[in-house]
Amino acid sequence: MSSLTLALAFLAVAGSGAPDPASAQVESDPTATYWVYVGSESADFVHRIRFGPEGAVVEEEYSVAHLYRQSSVPELYSESEAPHGIAVDAGGGTVYLTTGHGLPSGKLWAIEAGSGRLLADPVDLGRFPASLDVSPDGGYVAVANFNLHGRMEPSNISVVRVDGMTEVGRIETCTMPHGSRVHPAGRRHYSVCMMDDQLVELDLLTLEVRRRYHLAAGAEGPLDPSDRGPHDPHGPHAGHDMGHAASCSPTWVQPTPDGAFAWVVCNRSDELVEIDLESWTHRRRIATGRGPYNVDVTADGRILVVTLKQGDGVEFFELESGERLARLPTSTRVVHGIALSPDSRYAFISVEGIGSEPGKVDIFDLRALEVVASVPVGQQASGIAFWRMAAADES
3 MSSLTLALAF
13 LAVAGSGAPD
23 PASAQVESDP
33 TATYWVYVGS
43 ESADFVHRIR
53 FGPEGAVVEE
63 EYSVAHLYRQ
73 SSVPELYSES
83 EAPHGIAVDA
93 GGGTVYLTTG
103 HGLPSGKLWA
113 IEAGSGRLLA
123 DPVDLGRFPA
133 SLDVSPDGGY
143 VAVANFNLHG
153 RMEPSNISVV
163 RVDGMTEVGR
173 IETCTMPHGS
183 RVHPAGRRHY
193 SVCMMDDQLV
203 ELDLLTLEVR
213 RRYHLAAGAE
223 GPLDPSDRGP
233 HDPHGPHAGH
243 DMGHAASCSP
253 TWVQPTPDGA
263 FAWVVCNRSD
273 ELVEIDLESW
283 THRRRIATGR
293 GPYNVDVTAD
303 GRILVVTLKQ
313 GDGVEFFELE
323 SGERLARLPT
333 STRVVHGIAL
343 SPDSRYAFIS
353 VEGIGSEPGK
363 VDIFDLRALE
373 VVASVPVGQQ
383 ASGIAFWRMA
393 AADES
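Heads up: take any position in the sequence shown, counting from 1, add 2, and you land on the working numbering.
Below, the structure is given as structure tokens:
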């Protein structure tokens with residue numbers, strides 16, 4: 003069971019009863035070959051999946067222990083390292099991985115894509131580093147330190163310079179930050195605060211909070227950049243009743259490919275909120291199924307893809323109209339992350355599974371709106387990222 007799932011405090015509902023697609027059988031053949039990376043949080047493995055005309059398969063996998071053996075870190079660990087977040091730089095040369103556990107903190111790893119070779123010793127970050135993103139120029143990685151097991155108080159975003167793998171800033175935002183995303187232009191960064199109903203914009207040049215936005219329905223609007231939420235022990239709410247409960251409980255934010263808007267997931271209220279990034283106002287809310295968790299937008303700007311962590315499925319919306327195109331069950335339960343192919347053809351969805359069940363990566367055809375393949379991976383499949391695609395005859 004995911005540690006972050008426990009933080010969301012949901013009661014799992016009965017299984018969907020959907021058939022489990024054969025791991026190598028594809029119902030509509032792709033015309034290219036695609037590769038994604040996915041972490042397995044409870045198994046301590048990273049898997050590389052290949053999907054093409056011959057089906058989907060785990061092409062390579064390696065353990066976090068394998069990464070430690072390549073490093074100079076003299077660390078013996080007795081619990082799972084919990085690979086949670088994963089991202090690939092725009093050039094496709096480096097895979098970045100966060101491991102949430104550690105003594106005392108988690109780490110960021112830089113791995114050569116394709117080979118599994120560790121490129122540098124890992125960087126110690128904050129408490130439970132989770133989601134991450136790479137700047138478009140590949141120069142920086144921004145990581146949300148979720149602080150899952152710590153006190154209910156504001157945590158931070160770590161900014162790591164790739165050259166030298168050095169943490170150059172740790173910017174305090176609010177309580178349980180998650181959903182780290184860099185704006186397509188590269189300078190601004192967005193994250194959400196699960197316990198404070200905030201969207202936070204950072205300036206990656208000055209390493210400061212630039213703007214905040216309150217997401218609760220009926221109380222939407224800009225906040226003072228210094229407002230770190232009701233759990234800030236030094237803020238204006240200090241000493242007041244701390245029984246605050248988030249009504250949105252945001253878990254993810256995703257800027258659109260053109261950088262004009264951002265979509266925020268409200269896990270508790272089962273909604274998507276669209277934010278105009280120029281005017282810093284909300285444009286609309288779209289109702290979802292139970293427990294939306296991650297959201298992404300296809301490169302052509304046409305389709306919103308939403309994972310339903312508590313709803314055991316994936317939803318697809320037409321972005322312009324907000325119309326739901328489909329809600330489809332996944333092959334197992336506790337749906338996690340999204341990786342979209344750059345040709346806007348396929349969605350790769352990580353699904354954690356329950357207990358001793360393997361995790362899965364379900365692959366959805368965005369034209370047919372159906373599952374075309376499902377691949378078993380290690381327990382608790384978590385972060386997932388697209389690596390590359392190639393013509394089928396070149397792979």
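Idealized CB from N, CA, C, for every residue including glycine. Model, not experiment: these values are computed from the prediction.
Item	Value
Contact set for I288: own chain, Cβ-Cβ below 6 angstroms, skip 5 residues either direction	L274, G324
Alpha-carbon spacing of F319 relative to V75, whole angstroms	45 angstroms
Nearest-angstrom Cβ-Cβ length linking S376 and K362, presumed shorter than 8 angstroms	5 angstroms
Contacting residues, own chain, Cβ-Cβ under 8 angstroms from I386 (five flanking each side not counted)	V38, Y39, V40, G41, I88, H338, G339, I340, A341, F350, I351, S352, V363
Distance, Q381 Cα to S358 Cα	7 angstroms
Test item: CB-CB of T253 and Y295 under 9 angstroms	yes
Three-state class that DSSP yields for H191 in the structure shown	strand
Counted within 10 angstroms of its Cβ, other Cβ atoms place P344 as buried (16 or more) or exposed	exposed
Contact check, L310 vs R329, beta carbons under 9 angstroms	yes
Local Cβ density within 10 Å of D243, reported as buried at 16 or more and exposed below that	Low confidence applies here, because D243 scores a pLDDT of 45, under 50, leaving its location unreliable; read the following figure in that light. The residue is exposed, with fewer than 16 neighbouring Cβ atoms inside 10 Å.
Per-residue DSSP class, three states only, for D395	helix
Residue range of the unbroken alpha helix (DSSP H) whose run includes H68	66-72
Neighbour-count burial assignment, S228, 16 or more Cβ in a 10 Å radius	exposed
A144 to I113 span [Cα, whole Å]	16 angstroms
Between the CA atoms of T168 and L121 - distance to the nearest angstrom	13 angstroms
Option nearest E83 by Cα separation, candidates V90, V60, L69	L69
9 angstroms Cβ cutoff met for S182 and A218	no
Which residues DSSP lists as bridging H180, in chain order	V194
As assigned by DSSP and simplified to three states, the class of P186	coil
Nearest candidate by alpha-carbon position, reference V184, set A67, G102, Q256	Q256
Inter-residue Cα distance where the pair is E317 and H191	26 angstroms
L209, DSSP secondary structure in three states	coil
Supposed close pair S133, H180 - CB separation, criterion 8 angstroms	6 angstroms
Alpha-carbon to alpha-carbon, V48 and R129	21 angstroms
Beta-carbon contacts of D46 that lie in its chain and below 6 angstroms, excluding the five residues immediately before and after	S65, V66, S82, E83
Backbone secondary structure at W282 - three-state DSSP	coil
Which residues DSSP lists as bridging L110, in chain order	T100, V125
Local Cβ density within 10 Å of S117, reported as buried at 16 or more and exposed below that	exposed
Three-state class that DSSP yields for L368 in the structure shown	coil
Cutoff 8 angstroms; reference L209; Cβ partners in own chain excluding five residues on either side	V161, V170, G171, I173
Identity of the residue in G223, P131, G291 nearest M178 by Cα	P131
Contact check, M196 vs N147, beta carbons under 9 angstroms	no
Contacting residues, own chain, Cβ-Cβ under 8 angstroms from G141 (five flanking each side not counted)	R163, V164, D165
When A187, V307, G291 are compared against G261, the one with the closest alpha-carbon	A187
C-beta contact flag for T101 and P85 at 9 angstroms	yes
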